[in-house]
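Below is one structure, written out as structure tokens; the observations come after it.
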Amino acid sequence: MSQKISRAAIFKALDTTIIHGSDSSLMAMKAIKAIDLNEGRVQISIKLQEKYKELESVIRNQLGAAILAISNVERLDLAFEWEGVSNAVSAETQNLLPTVKHIVVVGSGKGGVGKSTIAANLACVMARKGYQVGLMDADLYGPSIGMMFGVDAATGSPQISPSGTILPIEKYGLKLMSMGFLIDEDHPVIWRGPMLNKALNQFMTEVEWGDLDVLLIDLPPGTGDIQISLINSVNVGGAIIVSTPQDIAFLDAKKAIAMFRTVEVPILGVVENMSSFICPNCGVETPIFGRGGVRRAAQSMSLPFLGEIPIDMQIRTTSDTGAPIAAISPDSPQCRIFNDMAEKISEMLSL
Ligand SMILES: Nc1ncnc2c1ncn2[C@@H]1O[C@H](COP(=O)(O)OP(=O)(O)OP(=O)(O)O)[C@@H](O)[C@H]1O
Ligand SMILES: [Mg+2]
11 MSQKISRAAI
21 FKALDTTIIH
31 GSDSSLMAMK
41 AIKAIDLNEG
51 RVQISIKLQE
61 KYKELESVIR
71 NQLGAAILAI
81 SNVERLDLAF
91 EWEGVSNAVS
101 AETQNLLPTV
111 KHIVVVGSGK
121 GGVGKSTIAA
131 NLACVMARKG
141 YQVGLMDADL
151 YGPSIGMMFG
161 VDAATGSPQI
171 SPSGTILPIE
181 KYGLKLMSMG
191 FLIDEDHPVI
201 WRGPMLNKAL
211 NQFMTEVEWG
221 DLDVLLIDLP
231 PGTGDIQISL
241 INSVNVGGAI
251 IVSTPQDIAF
261 LDAKKAIAMF
271 RTVEVPILGV
281 VENMSSFICP
291 NCGVETPIFG
301 RGGVRRAAQS
311 MSLPFLGEIP
321 IDMQIRTTSD
331 TGAPIAAISP
341 DSPQCRIFND
351 MAEKISEMLS
361 L
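Here it is as structure tokens:
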């Protein structure tokens, strides 16, 4: 069986290979639409303006040399799509969310580390502070914002405005949008690359977000097509990276950090979630997965550290029952942690 290919190495090659005749890399030109890694095979979908068509063979040669040199890559397939100049929004200026001041994504390398929980609670805290806040669930395969806010396709399908746009669900002073509001959770959708892009674009162009100070975007785990598609479609103002304290989890978080750094999305900070367990009976704190590793790793990478969140029964039960703790217990100690984080983030964004 083939060894795993490093996605970070592919990103790096795409970012550092300056295409002769364009003075830019494909990453800088926001031309990468999707990267698929399968065993030893790398498939890359590239979308460029028609004026670059004559560079196709140059790109094939240069990327061939750069990517086939990466460990475990046995085969490279490039798919090109050409955009006519007349209907092309310039890749540099494309911004599908012009009425949103700041777009902040919440990501991680690994699944299940608490991205959605943190995105939901931060959004609630920021709305309570008086900001106009939206929360978009970009996890199209495994949406969870619906469950966290007690909304599903059966009970809370979004309304359509007279002009045909989708009205986000409003709860706790937030505007929410998730695939979970549209599709019954018992019917998983099998997305293919172009459909994913389309659905994500619709979340941005067809949802009435209105004027927002911040749109928090809850990402799926990892560094896949959804992340690339988002970065290409909107000006992402910052990323929050969530990790649990285990070393292995931070190894994964580093990959997400590398991806955001490659595409020049500022890392607003790193959060250590499930930092320790505080016994609700005796109050003794037990660092089940160790503690402080993420803070140290953030420091060593010169990244801001946003805080530690303990494993807490109430954080889980409130999220699982449709009302994040920050929405219903704003004075709780757990909420204070989210408050501190929101303050640091607001300061960084100069809100
Ligand atoms: N600090 C915490 N204390 C207790 N439970 C937590 C905490 N953080 C998250 N959880 C619980 O862990 C589970 C996973 O959290 P969550 O869904 O937020 O992770 P995720 O990173 O968004 O996952 P995915 O990668 O699947 O999207 C949920 O049941 C959530 O309630
Ligand atoms: Mg999630």
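Each residue of the sequence shown is one higher than the one before, counting from 11 in this note's numbering. Just so it is clear, CB atoms sit at the ideal spot from N, CA and C, and this is done for glycine as well. Being a predicted model, the structure only gives us computed values, none of them experimental.
N-terminal and C-terminal residue of the beta strand (DSSP E) that residue i is part of
| i | result |
| --- | --- |
| residue 59 | 51-59 |
| residue 90 | 85-93 |
| residue 280 | 277-288 |
| residue 48 | 42-48 |
| residue 161 | Note, residue 161: premise wrong, no beta strand (DSSP E); not H, not E. |
| residue 252 | 248-253 |
For residue i, the nearest candidate out of the options (CA to CA)
| i | options | result |
| --- | --- | --- |
| residue 85 | 62, 113, 50 and 117 | 50 |
| residue 111 | 196, 126 and 141 | 141 |
| residue 316 | 113, 232, 251 and 284 | 251 |
| residue 321 | 232, 179, 286 and 83 | 286 |
| residue 230 | 325, 40, 151 and 163 | 151 |
| residue 41 | 15, 339, 324 and 57 | 57 |
| residue 259 | 313, 283 and 108 | 283 |
| residue 361 | 324, 275, 334 and 223 | 223 |
| residue 149 | 210, 161, 90 and 175 | 210 |
| residue 314 | 248, 290, 129 and 15 | 248 |
| residue 19 | 83, 31 and 55 | 83 |
| residue 354 | 309, 281 and 53 | 281 |
| residue 279 | 208, 356 and 145 | 356 |
Inter-residue Cα distance where the pair is residue i and residue j
| i | j | result |
| --- | --- | --- |
| residue 226 | residue 64 | 39 angstroms |
| residue 272 | residue 244 | 16 angstroms |
| residue 121 | residue 257 | 15 angstroms |
| residue 165 | residue 116 | 27 angstroms |
| residue 253 | residue 307 | 11 angstroms |
| residue 156 | residue 143 | 16 angstroms |
| residue 22 | residue 173 | 43 angstroms |
| residue 13 | residue 336 | 43 angstroms |
| residue 28 | residue 72 | 9 angstroms |
| residue 350 | residue 127 | 16 angstroms |
| residue 218 | residue 186 | 10 angstroms |
| residue 305 | residue 318 | 8 angstroms |
| residue 96 | residue 34 | In this prediction, residue 96 scores a pLDDT of 40, lower than 50, which makes its location untrustworthy; no coordinate-derived value is stated. |
| residue 168 | residue 191 | 7 angstroms |
| residue 69 | residue 124 | 39 angstroms |
| residue 246 | residue 46 | 23 angstroms |
| residue 301 | residue 220 | 41 angstroms |
| residue 233 | residue 119 | 7 angstroms |
| residue 93 | residue 241 | 18 angstroms |
| residue 108 | residue 228 | 19 angstroms |
| residue 99 | residue 106 | Its pLDDT being 38, under 50, residue 99 is placed unreliably in this model, and the coordinates cannot settle the point. |
| residue 101 | residue 59 | At residue 101 the pLDDT is 46, less than 50, meaning the model places this residue with poor confidence; the figure from the coordinates comes in the next sentence. So the two alpha carbons sit approximately 9 angstroms from each other. |
| residue 269 | residue 17 | 9 angstroms |
| residue 216 | residue 177 | 9 angstroms |
Which residues DSSP lists as bridging residue i, in chain order
| i | result |
| --- | --- |
| residue 35 | 28 |
| residue 110 | 222 |
| residue 80 | Residue 80 pairs with nothing; no bridge assigned. |
| residue 181 | 184 |
| residue 366 | Beyond the ends of the chain as shown, which are 11 and 361, falls residue 366; an answer cannot be given. |
| residue 317 | 281 |
| residue 295 | 288 |
| residue 69 | Beta-bridge pairing links residue 69 to no other residue. |
| residue 176 | 170 and 217 |
Extent of the continuous alpha helix (DSSP H) run through residue i
| i | result |
| --- | --- |
| residue 330 | 323-330 |
| residue 235 | 235-243 |
| residue 148 | No alpha helix (DSSP H) contains residue 148, which DSSP labels as neither H nor E. |
| residue 351 | 343-359 |
| residue 333 | Counting along the chain, residue 333 falls outside any alpha helix (DSSP H), and DSSP gives it neither H nor E. |
| residue 269 | 257-272 |
| residue 138 | 125-138 |
| residue 306 | 303-310 |
is_contact[residue i, chain B] using C-beta, thresh 8 angstroms
| i | result |
| --- | --- |
| residue 145 | This model lacks chain B altogether, as it is built from one protein chain only. |
Problem set entry | Touching by the beta-carbon criterion (3+ pairs, under 8 angstroms), the stretch 339-348 and the stretch 131-147 | yes
Problem set entry | Cβ contact check for the stretch 76-84 and the stretch 21-38: 3 or more pairs under 8 angstroms | yes
For this session: Please confirm if the stretch 292-301 is in contact with the stretch 261-271, defined as three or more CB-CB distances below 8 angstroms between the two stretches.
Result: no
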